[in-house]
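Be aware that the sequence shown starts at 97, since it is given in my numbering, and climbs by one per residue.
Some notes on the structure that comes next.
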Amino acid sequence: MQKQTKSAQETQQLAKNMASSFQGGEVLALSGDLGAGKTTFVQGLAQALGVTANVNSPTFVLMKVYPANQGAIKQLVHIDTYRLSGPEDLLAIGFQDYLNRPDTVIVIEWAEKIRQLLPESTKDIKFDNLDENTRQLTF
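Quick look at the structure:
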């Protein structure tokens, strides 16, 4: 399935709509070029999950855990693997501690770098820049 958005607000709204069906335990694998809208999408998810903190890309800290408040979902784990040299780096920061937790949603930017660590149930979302404002998301 593909969806197009024509602004950051539309990308965030698409994420909010998607998050409304989350039960907890979801893992989202985001891929796409720099500036394709991955972090913008995560910001929309965070809003829908009741995260009140300012959400930005964890490129330099690799992983951020945000308190959430949406039904059974109590935390959003936002990971950016852009700077990782391999899957072992993700294991070293405790990624596996958050897997399979029914109170957690995990979102991973640049997930193609660590795909082999992700569960089969992972939802893949590819982001493509069509022009300055338009993004195509492929689910």
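For every residue, glycine included, the Cβ atom is placed at its ideal position computed from N, Cα and C.
These figures come from a predicted structure and were not determined experimentally.
task = Compute the distance between the beta-carbons of Ile204 and Ala125, then report whether it is under 9 Å.
result = The answer is yes: Cβ separation under 9 Å.
query = Closest by CA to Asn150, which one among Leu172, Ala132 and Leu130?
reply = For the options Leu172, Ala132 and Leu130, the alpha carbon positioned closest to that of Asn150 is the one of Leu172.
task = Taking 9 Å as the cut-off, decide whether the C-beta atoms of Ala132 and Phe235 are in contact.
result = No, they are not a contact pair.
task = Can you give me the Cβ contacts of Asp185 inside the same chain, cut-off strictly under 6 Å, excluding the 5 residues immediately before and after it?
result = Counting only Cβ-Cβ distances below 6 Å, and skipping sequence neighbours, we find nothing.
message = Using a 10 Å radius around the Cβ and a threshold of 16 neighbouring Cβ atoms, would you call Ser181 buried or exposed?
response = Exposed, since its Cβ has fewer than 16 Cβ neighbours within 10 Å.
Option nearest Ser127 by Cα separation, candidates Thr148, Leu195, Pro198 and Ile175 = Measuring from the Cα of Ser127, the nearest candidate turns out to be Ile175.
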